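Have a look at the structure below before the remarks.
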Amino acid sequence: MQTLQDMERKLKSADDLHTVVRTMKSLAAVSIRQYEDATRSLDRYFESVEMGLRAALRTHPLVGNQKEPHKTLIIVFGSDQGMAGRFNEAIVEFVQAARHEMKIKDDRLLTWVIGAKAHGLMEDTIGKVNQFFSLPPSAEGISPKVQQILLLLAEIRKKHGELRLILFHNHPAGGSSYTQHRVNLLPPDQKWLKDLGGRQWVDRQIPLYTLPWEELFGALIGEYLFVAFFRAFASSMAAENAARLASMQRAEKNIEETKEELTRTFHTLRQNTISEELFDVISGFEALSETSEDSR
Numbered sequence: 022m023q024t025l026q027d028m029e030r031k032l033k034s035a036d037d038l039h040t041v042v043r044t045m046k047s048l049a050a051v052s053i054r055q056y057e058d059a060t061r062s063l064d065r066y067f068e069s070v071e072m073g074l075r076a077a078l079r080t081h082p083l084v085g086n087q088k089e090p091h092k093t094l095i096i097v098f099g100s101d102q103g104m105a106g107r108f109n110e111a112i113v114e115f116v117q118a119a120r121h122e123m124k125i126k127d128d129r130l131l132t133w134v135i136g137a138k139a140h141g142l143m144e145d146t147i148g149k150v151n152q153f154f155s156l157p158p159s160a161e162g163i164s165p166k167v168q169q170i171l172l173l174l175a176e177i178r179k180k181h182g183e184l185r186l187i188l189f190h191n192h193p194a195g196g197s198s199y200t201q202h203r204v205n206l207l208p209p210d211q212k213w214l215k216d217l218g219g220r221q222w223v224d225r226q227i228p229l230y231t232l233p234w235e236e237l238f239g240a241l242i243g244e245y246l247f248v249a250f251f252r253a254f255a256s257s258m259a260a261e262n263a264a265r266l267a268s269m270q271r272a273e274k275n276i277e278e279t280k281e282e283l284t285r286t287f288h289t290l291r292q293n294t295i296s297e298e299l300f301d302v303i304s305g306f307e308a309l310s311e312t313s314e315d316s317r
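With this note's numbering applied, the sequence shown covers 22 to 317.
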């Protein structure tokens, strides 16, 4: 049978847990804003990259000149930490469906995974993971991580030739919800390139460049990849915190309901204890009264 001391300990534990959950809720909300701001900070930079590509493609249209890649590299963004609901399960299921749709043979597929939780799930459900990366601890750590991946990507492209590169990540959908995104990075989208090269220039002065065209175009595609990877990191990490926020909201609701139940039980138990003590006092008083009357 539970005692008042047991109930007090349970209520204190519930209060402590409630405090932790509220703190994690606040941290998740702040982190969402941090990563969304990081994504928006690249918008102007990406406009500059697009302008450079427009200038390069004015005289060197690429449409129809690209070879079919022999290998496909998929990069899956997950999380390193838990308490985010089905965040990792959702993206892995999305990858499974896309892989089935693309019908890629195992000997032509390379798989990279970002995030320890997603890494384990990918190995369990899809098979071998060729490369694993941990997530950066904050928005400031995204750029170095992207540079690390791009350097390794350059080595893989030298080894296997041009790749089909596809990113899979969760994306915030407002509030504490998120959706799954697939981004086809390489080869660059033909329609996009044609549209860029065919746009009218922004002013009367035609752009000039002194670098060899292939070197210029390669550098611009490298910057395009940097922006795309940075956005994927920031979007995925914002979505992770949105998922964690939703989990903490559910946990907070459950804790509050548990606290209410524990409080009711505590009050009932305390009232019963008080009633029993009163009955004991009354019974003792009556017994003493009867003894006094008998002695007379």
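Heads up, the beta-carbon is just placed ideally off N, CA and C, and yes, glycines get one too. No experiment lies behind these values; they were computed from the predicted model shown.
Problem set entry | Bridge-paired residues (DSSP) for residue 154 | Answer is 135.
For this session: Taking 7 Å as the cut-off, decide whether the C-beta atoms of residue 90 and residue 184 are in contact.
Result: yes
Problem set entry | Proximity to residue 200 [Cα-Cα], best of 111, 73, 59 | When only C-alpha atoms are compared, the closest one is 111.
Problem set entry | residue 171: first and last residue of the uninterrupted alpha helix (DSSP H) it sits in | For residue 171, the enclosing alpha helix (DSSP H) stretches over residues 163 to 181.
For this session: Give a yes or no on whether the C-beta atoms belonging to residue 248 and residue 108 are separated by under 7 Å.
Result: no
Exercise. Do residue 163 and residue 254 have their CB atoms nearer than 7 Å?
Worked result: Against a cut-off of 7 Å, the Cβ pair of residue 254 and residue 163 comes out as a contact.
Problem set entry | Span separating the alpha-carbon of residue 182 from that of residue 245 | Cα-Cα distance, rounded: 19 Å.
Exercise. Span of the beta strand (DSSP E) holding residue 206?
Worked result: Unbroken beta strand (DSSP E) run through residue 206: 199 to 207.
Exercise. In this structure, does DSSP put residue 63 in helix, strand or coil?
Worked result: Note: residue 63 maps to coil in three-state DSSP.
For this session: Kindly indicate the opening and closing residues of the alpha helix (DSSP H) around residue 112.
Result: First-last of the alpha helix (DSSP H) with residue 112: 108 to 123.
Exercise. Is the segment 270 to 283 touching the segment 154 to 173 in the sense that three or more CB pairs, one from each, lie closer than 8 Å?
Worked result: no
Problem set entry | Check whether residue 197 and residue 263 have beta carbons under 7 Å apart | yes
Exercise. Straight-line CA distance for residue 202 to residue 195?
Worked result: 15 Å
Exercise. Looking at the structure shown, is residue 92 part of a helix, part of a strand, or coil, going by DSSP?
Worked result: strand
For this session: For the beta strand (DSSP E) containing residue 187, list its first residue and its last residue.
Result: 184 to 193
Exercise. Taking the C-alpha atoms as reference points, what is the distance between residue 69 and residue 38?
Worked result: 48 Å
Problem set entry | Own chain, CB closer than 6 Å to residue 57, minus 5 neighbours either side, in chain order | Excluding residues within five positions, the ones whose Cβ falls inside 6 Å are 259.
For this session: Kindly give me the distance between the Cβ atoms of residue 101 and residue 126, rounded to whole angstroms, as I take these residues to be in contact under 8 Å.
Result: Between residue 101 and residue 126, the beta carbon gap of about 31 Å keeps them out of contact (Cβ cut-off 8 Å).
Problem set entry | Backbone CA spacing between residue 30 and residue 114 [nearest angstrom] | Rounded to whole angstroms, residue 30 to residue 114 spans 42 Å at the Cα level.
Exercise. Does DSSP classify residue 130 as helix, strand or coil?
Worked result: strand
For this session: Please determine, among 105, 275, 178, 95, the residue with the shortest C-alpha to C-alpha distance to residue 153.
Result: 95
Problem set entry | Under 7 Å between C-beta atoms of residue 276 and residue 35 | yes
Exercise. Under a Cβ-count criterion, where at least 16 other Cβ atoms within 10 Å of its own Cβ denotes burial, should residue 175 be classed as buried or exposed?
Worked result: exposed
For this session: Please list, in chain order, all residues of the same chain as residue 257 whose beta carbon is under 6 Å from its beta carbon, the five residues on each side excluded.
Result: 98, 190, 191
Exercise. Do residue 241 and residue 74 have their CB atoms nearer than 7 Å?
Worked result: yes
Exercise. If residue 177 and residue 93 are in contact, beta carbons under 8 Å, what's the gap, nearest whole angstrom?
Worked result: Wrong, their Cβ atoms sit about 12 Å apart, outside the cutoff.
Problem set entry | Residue from 300, 232, 261 with nearest C-alpha to residue 77 | 232
Exercise. Going by DSSP, what residues sit across from residue 98 in a beta bridge?
Worked result: DSSP output for residue 98 lists 135 as bridge partner(s).
Problem set entry | As assigned by DSSP and simplified to three states, the class of residue 72 | helix
Problem set entry | Coil, strand or helix - residue 104 by DSSP | coil
Exercise. Rounded to a whole number of angstroms, what is the C-alpha to C-alpha distance between residue 150 and residue 289?
Worked result: 56 Å
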